[in-house]
Amino acid sequence: MKYYINAYGCQMNVHDAEIISGILESEGFSSIEDHESADIILLVSCAVREHAETRVLGRLSQLGGGWRGRKSGKPLMVLCGCVAQEHGDSLLERFRDLDLVVGPDCYRDLPRLIRASERISAVDFREGDYTGIEPARMDFPRAYVTIMRGCDNFCSYCIVPYVRGREYSRKNDSILSEIERLSESGYGEITLLGQNVNSYRDGETSFPQLLRSVALSAPGSWIRFVTSHPKDLGNETVRVMASEQNICRYFHLPFQSGSDAVLKMMNRGYTAREYLERIGMLREAMPDIVLSTDVIAGFPGESEEDFQKTVDLLEEVRFDNAFLFKYSERSGTAACSLENSIPEEQRLARLNHLQKLQRIITVEESGKLLGRILRVLITGPAKKPRQQASRTEGNRMVILENTDFSPGSFVNVKITRADGWTHFGEPCGNLKS
Ligand code: SAH
Ligand code: SF4
0 MKYYINAYGC QMNVHDAEII SGILESEGFS SIEDHESADI ILLVSCAVRE HAETRVLGRL
60 SQLGGGWRGR KSGKPLMVLC GCVAQEHGDS LLERFRDLDL VVGPDCYRDL PRLIRASERI
120 SAVDFREGDY TGIEPARMDF PRAYVTIMRG CDNFCSYCIV PYVRGREYSR KNDSILSEIE
180 RLSESGYGEI TLLGQNVNSY RDGETSFPQL LRSVALSAPG SWIRFVTSHP KDLGNETVRV
240 MASEQNICRY FHLPFQSGSD AVLKMMNRGY TAREYLERIG MLREAMPDIV LSTDVIAGFP
300 GESEEDFQKT VDLLEEVRFD NAFLFKYSER SGTAACSLEN SIPEEQRLAR LNHLQKLQRI
360 ITVEESGKLL GRILRVLITG PAKKPRQQAS RTEGNRMVIL ENTDFSPGSF VNVKITRADG
420 WTHFGEPCGN LKS
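Residue numbers (numbering that gives the first Met the number 0): 0 to 432.
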């Protein structure tokens, strides 16, 4: 049987799609890129904001309705991921073409559920991970490795702890053997994944210890990790990063709000000052580090002064890139019961303000790279013909024209043009900046 799979949302979901594919392929199913010819259609959904949820449910309706009249008959429709976990059985009532609803802990059951072809939802929480499954990787030379699943932080706006369950760290030795295999297979970039990687723990092994072992096990690969929570980021992680040259000088550190009052309501566990101290620590240890962040505009009770503090923080740090969101109510989270909800137009206006500001900063910071020589990892073809895409250590995209490098090779390029986060470059010999 042929299956088509599509993932929405974060890197964790993209990697879950690789895990699901690994499970299906080990049972004889084969993947196909065209959903029209698929026997099984799987969507891996994201519930973190209402917009993401609406999108995947819209796609489900569209694909569900689209089968009528096709020669091969109705495909088996499967909704996986966080929306599946959030709404469970009720989705089967709402979408009559939907056959299976499968939450993030139940993917091992997929082959059996597909073969049984009963309309059912499987959304139990199970402690554990997908150790032993060989993910069907789809993004060579970039690989994801889960180091932990779930989240115990309960930030008041966030649905993740409700849909992905309690935090669970994977065993250190199973992570390291996966890393070694990836490195031997020529993966140039390995990203460690977890909702809060800094709280990783396996017996005596903490996150910085794991990070050092990972870097040493894959000396020829770049190592990244997401996501870090500012409250748990300690000096040791920064020391390990600074001392191991293959750990990318790139850090994604969400701050969410620049106002201490809002941070408290969000249950984030740090103040703006403490956040800035973490940024100072990173920049002191690695002056050329590339920084990115996540911000939420329009959280309940966010006053103009609170919002201004977020603007000030963006201006003070001057992140190279920022993922900016307007607050979205997620039912069942603590923030839903807060008063002083911000009207939708105001949330949008604040988001627009942040986007404009960040765009200026991103363009200015990227512009500083013009003429510099950077090392890039060739990732594959770019959108246009005769172009190749690559990434810098700082995760910036660099487009090369009329080149023919093999994906996975590291090349030195001179930056000739910058358009926000996307850059253009030409290969060149020497590496100096
Ligand atoms: N565990 C990670 C990622 C969580 S989801 C972390 O803590 O950073 C990714 C981002 O989505 C969050 O950082 C936050 O900025 C945003 N987000 C989460 N819930 C949201 C909500 N209800 N409304 C708007 N943005 C939200
Ligand atoms: Fe959500 Fe906070 Fe956990 Fe991130 S740390 S997943 S924002 S609850």
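Virtual Cβ for every residue (Gly too), placed ideally from N, Cα, C.
query	result
Where in the segment 183 to 244 do unbroken runs of the beta strand (DSSP E), each at least 3 residues long, occur, reported from the N-terminal end onward?	188 to 192 and 221 to 225
Starting from THR145, follow the alpha helix (DSSP H) in both directions and report where the run begins and ends.	Here THR145 belongs to no alpha helix (DSSP H); instead the beta strand (DSSP E) covers 141 to 145.
Within this structure, are the beta carbons of ILE377 and LEU399 separated by less than 9 Å?	yes
Give every residue whose Cβ lies closer than 6 Å to any heavy atom of ligand 2, listed in chain order.	CYS150, ASN152, PHE153, CYS154, CYS157, VAL159, PRO160, GLN194, ASN195 and HIS228
Closest to SER365 by C-alpha separation, out of GLU315, THR402, GLY424 and HIS352, would be which residue?	GLY424
Classify ASN411 as helix, strand or coil using the three-state DSSP reduction.	strand
What residues in its chain sit with their C-beta under 6 Å from that of ARG48, if we drop five residues either side in the sequence?	SER327
Taking Cβ positions, are SER25 and LYS1 nearer each other than 9 Å?	no
Span of the beta strand (DSSP E) holding GLY379?	372 to 380
DSSP state of LYS431, grouped into three classes?	Since pLDDT at LYS431 reaches only 48, below the 50 mark, its modelled position is unreliable, and the value read off the structure follows with that caveat. Note: LYS431 maps to coil in three-state DSSP.
Let me know if ARG385 comes out buried or exposed under the rule of 16 or more other beta-carbons within 10 Å of its beta-carbon.	exposed
For GLY424, which beta-bridge partners are listed by DSSP?	LEU399 and ILE414
Which value, in whole angstroms, describes the spacing of the CA atoms of VAL225 and ILE113?	32 Å
Since LEU91 sits in a beta bridge, which residues does DSSP pair it with?	Paired residue(s): none; LEU91 is not in a bridge.
Taking Cβ positions, are GLY21 and ALA135 nearer each other than 9 Å?	yes
Would you say TYR274 touches ligand 1, meaning its beta carbon is less than 8 Å from a heavy atom?	no
Excluding sequence positions up to five away, which residues of its chain have a Cβ less than 8 Å from the Cβ of LEU75?	ASP38, ILE39, ILE40, ASP98, LEU99, ILE113 and SER116
Out of curiosity, what's the CA-to-CA distance linking GLN345 and ARG211?	45 Å
Within the chosen definition, does the segment 117 to 132 reach the segment 262 to 276 through at least 3 CB pairs nearer than 8 Å?	no
So that I know if they touch, is there some Cβ in chain D lying closer than 9 Å to that of VAL100?	Going by chain labels, chain D is absent from the structure shown, which holds only one protein chain.
To the nearest angstrom, how far is the alpha carbon of ASP15 from that of VAL43?	8 Å
Cβ of PHE324 versus every heavy atom of ligand 1: is any distance shorter than 8 Å?	yes
For ARG248, which residues in the same chain have their Cβ closer than 8 Å to its Cβ, ignoring the five residues on either side in sequence?	MET240, MET285, ASP287, ILE288, VAL289, GLU392 and GLY393
I need the straight-line Cα distance from LEU356 to VAL310, nearest angstrom please.	8 Å
Leaving out five residues on either side along the sequence, give the residues of the same chain with a beta carbon under 8 Å from the beta carbon of LEU353.	VAL294, ALA296, THR309, VAL310, LEU313, ALA321 and LEU323
Report the option in ASP88, GLN61 and ALA6 whose CA atom is closest to the CA atom of ALA51.	ALA6
Take PRO406 and list the residues in its own chain whose beta-carbon comes closer than 7 Å to its own, dropping the five residues that flank it on each side.	PHE139, PRO140, ILE377, THR378 and GLY379
Is any heavy atom in ligand 1 found nearer than 8 Å to the beta carbon of GLN255?	yes
How far does the alpha helix (DSSP H) with MET264 in it extend, from its first residue to its last?	259 to 264
On the DSSP letters alone, give me the boundaries of the beta strand (DSSP E) that GLY80 sits inside.	75 to 80
Take the Cβ of SER389 as the centre, count every other Cβ of all protein chains shown within 10 Å, and call the residue buried at 16 or more, exposed below.	buried
Going by DSSP, which residues form a beta bridge with LEU323?	VAL294
Rounding to the nearest angstrom, what Cα-Cα distance links SER460 and GLY187 in this structure?	For residue 460 there is no data in the structure shown, the boundaries of the chain being 0 and 432.
Going by the CB atoms, is the gap between VAL237 and LEU181 shorter than 9 Å?	no
Where ASP108 and LEU281 are concerned, what is the direct C-alpha to C-alpha distance, given to the nearest angstrom?	43 Å
Please classify CYS81 as buried or exposed, where buried requires at least 16 other C-beta atoms within 10 Å of its C-beta.	buried
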